[in-house]
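Protein chains in written order, with the numbering used here: chain W, 131 to 546; chain P, 1442 to 1603; chain E, 2 to 532.
Each residue gets a CB set at the ideal place from its N, CA and C atoms; glycine is no exception.
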């Protein structure tokens, strides 16, 4: 905005014009303002205590923890399998990615990560990439809405719902899927899954294109996004950034490319990066990643082989119910896996995958029993959100909304 | 492997233990020199661990069969974006003097991570600019991820008068 | 790890799975392997009992022997070479499990042993394959009342005979036997006998399956839901080591814990039932003149009551320590009484001895767990209950401060106690004495405190808290320090360990006592599948 022009004279009719109206602007004094924890313009339960000088942010204290559900403490008292529902509730807009990340960590500790059936690995890629798309759709859609663009939000949410419906068909739950199992996945893809997904991807691309056109060519949107919340790559790395936020600064770190897991090394896809590290770059990177994920999905649907979806190991995978109810052998196997849990040899692992918000790490320490001795999740948005004060200091209060939105804080993941 | 060797060559006896398992490399280092060692790992051209991927702690008091000494371990997960290698650095922390040097000067991103470890494990980080609770509320008593904090324990939220 | 003992004429050196181990002569192969951390599966063997080698589950290959040998029954020999996990052994192990399971009922969901069952554990660890046998299972009686404390399910029994040997070798009363043959063979009581010996519940512990279940425990709680802290039994002066097993603020059973110097692997039935008193008839809140009162008020009232006799008639104020309470509680009270208040009359209370229960196994005539400890912290000044009764009857006392409600007073003594100018009692349970007291303060019981006790062999052992104190109760040392504050004597302990530290400095008998490590309750389901 132009700031060099003279401020407008404000005169109340019938009142004498004050002599000092054209003088220096009114002196302001720093003021503490509380934003949140339930603020209509932030999609996330977070409290920001601002020190403002007029409209300008002098300092900010970001307070998180409102959604703390004791993920680690609960996991330390649950069997390895019982942790899956907790992982659903980490980044709850991309639960499948959390499921997959956690399963991979435990499987590495068990030493079975190379034996997971190929079909199960492809299924994990497919549901994971679908989740990544829902994650990015939510982030960009909701952020646009917070800037007043309600139509693109509806377009993107509608597209998200197509994917959720298909994931629900596969897993039984719209949001909290708990679909992945140690050793594979809970159920095979449903009949006609591939055709449905291909049809959805077609519609999705269209919806994303429309929403994108409504936003990137919208002056208000661009003015509030461009060059707002800028950060350079080196600083972002020092603050622990990963994922789309880091890539917006031009650093092309993507776990899927740099340290491929599952079958990611068999797909042709690009890692989009930004150049300025501002809010618009973060938006654009996410939009492009949706396209890349769609590309991966199409390749995965072409490549996926037939075969088992679970490892054949009675000490890890539950026996069929028919045997559980009718034979003592099946009963004992079932019982031991449910009550004692899958016994994981003593050791520790840090396993990392590319989550919706970046490097989703699981640091698990096992003591040889059926529950994790420690189950730490590295929440990608936690380290990113702590950078918010750096991004908004010296800027106007209104800049907080797009900047915070583009960091994509997910309370479930950040607060655990 | 390279990073581990470089570390051992440079710091010798201050590297108490090294191991490699499940594709992860780890080194346990002396607490008194942890910050110096981490600074070296960040700045050395061969190790170049510019990225502190995670920082957490483990309470080993109930580790079977009879618990471990020292009771806590602070765990740093390092990554090098240029070399694309990783290293886990661990620092043993005794219960009666639960404190390590803060690495916020090396990686500003450690700020919240250290606050979280303080909040949940009660380990202090010397030199941290703002060591407050982060996930729990200020009035919370105790450190819930310590193994001797019962999972069933409930605390009413009582606001201290200010 | 301790260094391996050097070979001597009393030791034998052998090779197990390619690793060398030196063990005392006469050790069996199974125990020798255990020293190397090699786990051999077994049902009938128990380290505290003789080895009949009936289950054939522990078969191993010994070089030079044509057949597999039961490792529990085979003593080690020099230059022996044992294979515990080669293909032949593993096959035998799997096939034995397959046999054992042929007639085993599909009972896990309704079986009390499920979750801590050896059969479940061994099958899951070593076999976990479907059975190749498909014939109807042999049916047997499922609810056989074999004694006052135990129910037998003959279908679940895998005929290991551990329970028979517990009766024979531990309780020295042969009450169980096998009857019939082949797949009809059953465990039963010997003709004309009931399983009613005072150690009968050990048969339930050693039962590798859910054939024998305790009436006290069965169908009350699933075993895997329990958590455990190691502690000691407070039923008598033996101080058997036990595990307090609890869930959701309730104790469900006491379980013997191995200690070669005290109780081996065993515990008497009476001791196991002592947990009931933790949950029955407890004092909920402090009382002043019989009416409930907040702590602060009750402590004030107690101090107020005691103050007049203390100032004017100190020689007629007495204190009673307790053989039922921990060393810390007794020590705290002794400090207050002797150092703070300068009292001269001190007694020790507790339950009266029961000579009829004593045997040469574990049961002791003294049914107080800490008589030795109370005497040790009492500075040699404690007089027995008989003298307290006598002193009360002849009016030699004006006021009493009592730890523990269990005093074996004469009827006249009890009446005299009720007429004292001041009677202050720290009590776990309500009784006549508590009702007669001017002020009664609720005391945390043995399962609710961290502390130490001294058994009849003068061994200092640790009590560990499994539960929070019932109602408004507090640990004795804490009450004493609060009361001391009201009476102008500062005792600034904040935790039992601080009392302990001070105590070991001052009490010669306890000089070498150790507090032991911090113990976090272990959930049994995650205790490595104990089986």
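Query, Result
"Cβ closer than 8 Å: which chain W residues qualify as neighbours of residue 107 (chain E)?", "455, 456, 457, 458 and 461"
"Taking the C-alpha atoms as reference points, what is the distance between residue 173 (chain W) and residue 480 (chain E)?", "52 Å"
"First and last residue of the alpha helix (DSSP H) that includes residue 355 (chain W)?", "349-355"
"Considering only residues of the region 306-360 of chain E, which uninterrupted beta strand (DSSP E) runs meet the minimum length of 3 residues and lie entirely inside it, listed in chain order?", "318-323 and 346-350"
"Taking the C-alpha atoms as reference points, what is the distance between residue 211 (chain W) and residue 79 (chain E)?", "47 Å"
"Does the beta-carbon of residue 136 (chain E) have 16 or more other beta-carbons within 10 angstroms, so that it is buried, or is it exposed?", "exposed"
"Measure the Cβ-Cβ separation of residue 381 (chain W) and residue 363 (chain W) and say whether it is below 7 Å.", "yes"
"Quick one: list the residues of chain W neighbouring residue 1563 (chain P), beta-carbon separation under 9 Å, in chain order.", "By Cβ distance, chain W contributes nothing, its closest Cβ being about 14 Å from residue 1563 (chain P), past 9 Å."
"CA-CA distance, residue 32 (chain E) and residue 74 (chain E)?", "10 Å"
"Can you tell me which of W:391, W:534 and W:205 puts its alpha carbon nearest to the alpha carbon of residue 355 (chain W)?", "W:534"
"For residue 25 (chain E), name the three-state secondary structure that DSSP assigns.", "strand"
"Could you tell me whether the Cβ of residue 211 (chain W) comes closer than 7 Å to any Cβ of chain E?", "no"
"Given that a residue counts as buried once 16 or more other Cβ atoms are within 10 Å of its Cβ, and exposed if not, what is residue 141 (chain E)?", "buried"
"Name the residue from P:1553, P:1558, P:1579 and P:1586 whose alpha carbon lies nearest to the alpha carbon of residue 1599 (chain P).", "P:1579"
"What does the alpha-carbon distance come out to for the pair residue 60 (chain E) and residue 163 (chain E)?", "18 Å"
"Could you compute how far the alpha carbon of residue 317 (chain W) sits from the alpha carbon of residue 446 (chain W)?", "16 Å"
"Sorted by chain position, which residues of the same chain lie with C-beta nearer than 7 Å to residue 1520 (chain P)'s C-beta, five sequence neighbours on each side aside?", "1490, 1492, 1494 and 1527"
"Contact defined as beta carbons within less than 8 Å: I believe residue 1572 (chain P) pairs with residue 545 (chain W). What is the distance between those atoms, to the nearest angstrom?", "Actually they do not touch by this definition, with Cβ atoms about 19 Å apart."
"In this structure, how does DSSP classify residue 1457 (chain P) when only helix, strand and coil are distinguished?", "strand"
"Is the beta carbon of residue 72 (chain E) closer than 7 Å to that of residue 41 (chain E)?", "yes"
"Within the continuous alpha helix (DSSP H) that includes residue 413 (chain E), where are the two ends?", "412-419"
"Per the DSSP calculation, residue 1517 (chain P) is bridged to which residue(s)?", "P:1496 and P:1530"
"Are three or more beta carbon pairs between the region 184-200 of chain E and the region 118-137 of chain E nearer than 8 Å?", "no"
"Tell me the rounded alpha-carbon separation between residue 1467 (chain P) and residue 1443 (chain P).", "12 Å"
"Taking CB distances under 7 Å as the criterion, tell me whether residue 1545 (chain P) reaches chain W.", "no"
"Taking only beta carbons into account, state which residues of the region 196-225 of chain W come closer than 9 Å to chain E, listed in chain order.", "207 and 209"
"Looking at chain C, is there any beta carbon in it that lies within less than 7 Å of the beta carbon of residue 521 (chain E)?", "The structure shown contains no chain C; its protein chains are W, P and E."
"Using CA coordinates, which residue listed in P:1477, P:1452, P:1486 and P:1505 is at the minimum distance from residue 1522 (chain P)?", "P:1486"
"Rounded to whole angstroms, what's the CA-CA distance from residue 510 (chain E) to residue 377 (chain E)? Just pull it up for me.", "6 Å"
"List, in chain order, every chain P residue whose beta-carbon is nearer than 9 Å to that of residue 518 (chain E).", "1502, 1507 and 1508"
"How would you list, in chain order, the residues of chain E whose beta-carbon sits under 8 Å from the beta-carbon of residue 466 (chain W)?", "121, 122, 125 and 530"
"Report back the beta-carbon spacing between residue 547 (chain W) and residue 124 (chain E) to the nearest angstrom; my notes put them in contact at under 8 Å.", "Coverage of chain W is limited to positions 131 through 546, which leaves residue 547 (chain W) absent and any answer about it impossible."
"So, for residue 20 (chain E): in the same chain, excluding its five sequence neighbours on each side, which residues have a beta-carbon less than 6 Å away from its beta-carbon?", "37"
"Can you tell me whether residue 466 (chain W) is buried or exposed? The criterion is at least 16 other CB atoms within 10 Å of its CB, across all chains shown.", "buried"
"Assign residue 513 (chain E) to one of two classes, buried (16 or more other C-beta atoms within 10 Å of its C-beta) or exposed (fewer than that).", "exposed"
"Tell me whether the beta-carbon of residue 365 (chain E) lies closer than 7 Å to the beta-carbon of residue 453 (chain E).", "no"
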